[in-house]
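*Asks:* To start, I am sharing the structure in question, which I have written as structure tokens.
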Amino acid sequence: MPRAHRPATHLYERANLDAELELIRARIGIVVARGREGFRDGEETYDVACMVIIRLAALLERPEFAPHLTTITREERLAIRTTRNIAAHAGYRSMNDNLFWLAVTRRVPEILDRIAAHDDDAPSAAARGICNKS
Numbered sequence: 002m003p004r005a006h007r008p009a010t011h012l013y014e015r016a017n018l019d020a021e022l023e024l025i026r027a028r029i030g031i032v033v034a035r036g037r038e039g040f041r042d043g044e045e046t047y048d049v050a051c052m053v054i055i056r057l058a059a060l061l062e063r064p065e066f067a068p069h070l071t072t073i074t075r076e077e078r079l080a081i082r083t084t085r086n087i088a089a090h091a092g093y094r095s096m097n098d099n100l101f102w103l104a105v106t107r108r109v110p111e112i113l114d115r116i117a118a119h120d121d122d123a124p125s126a127a128a129r130g131i132c133n134k135s
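With the numbering used here applied, the sequence shown covers 2 to 135.
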């Protein structure tokens with residue numbers, strides 16, 4: 002069965018989302034390249050990692066991207082927003098550096114991979130239920 006025609010705005014939104022995902026990935030690359038040893042408050046890579054979370058959280062707040070972000074679970078959304086709030090408002094003192102490193106170098110790339118691979122015409126994992134076999 003042929004795919005339904007997608008409106009041009011839908012494709013434009015997806016292109017904008019993909020461009021933003023690439024910018025986030027580039028920042029993750031900077032953090033990973035500099036290594037865990039120097040990853041702490043006051044270092045440039047820590048600030049870059051904060052921007053990764055801030056930009057990812059900003060995507061969640063843009064209604065035009067909502068159809069493309071259905072693979073992000075409720076728990077992941079809450080974790081992203083909480084981490085963003087700590088980085089942007091509460092200061093780094095309350096951030097666990099080890100958990101933050103893992104979030105930025107492992108969890109966020111996994112989330113970005115799911116977003117990039119998401120077929121907008123297919124039902125999301127959330128819509129199917131995580132325990133259902135497809």
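Think of the CB as a built atom: it goes at the ideal place given N, C-alpha and C, for glycine as much as any other residue.
Bear in mind that the values here come from a model prediction, so they are computed numbers and not experimental data.
1) Might you give, ordered along the chain, the residues of its own chain that have their beta carbon closer than 6 angstroms to the beta carbon of residue 85, omitting 5 neighbours on each side?
2) For the segment 76-84 against the segment 34-50, are there 3 or more C-beta pairs whose distance is under 8 angstroms?
3) Closest to residue 36 by C-alpha separation, out of 70, 106 and 71, would be which residue?
4) Can you tell me which of 31, 50 and 69 puts its alpha carbon nearest to the alpha carbon of residue 118?
5) DSSP on residue 61, reduced to helix/strand/coil?
6) My output table needs one value for residue 175: the three-state DSSP class, helix, strand or coil.
7) Quick check on residue 40: does DSSP put it in helix, strand or coil?
8) Which residue from 111, 31, 49 and 32 puts its Cα closest to that of residue 72?
9) With respect to the alpha helix (DSSP H) encompassing residue 108, which residues constitute its N-terminal and C-terminal limits?
*Replies:* Short version:
1) 54, 55 and 58.
2) The segment 76-84 and the segment 34-50 do not touch, with fewer than 3 CB-CB distances between them shorter than 8 angstroms.
3) Check the Cα spacing between residue 36 and each of 70, 106 and 71: the tightest is with 106.
4) Among 31, 50 and 69, the Cα nearest to that of residue 118 is on 69.
5) Residue 61: helix per DSSP, three-state reduction.
6) The shown model of the chain, from 2 to 135, leaves out residue 175, and the question about it has no answer.
7) Reduced to three states, the DSSP call for residue 40 is coil.
8) With distances taken between Cα atoms, residue 72 lies closest to 111.
9) Premise fails: residue 108 is in no alpha helix (DSSP H) and is neither H nor E.
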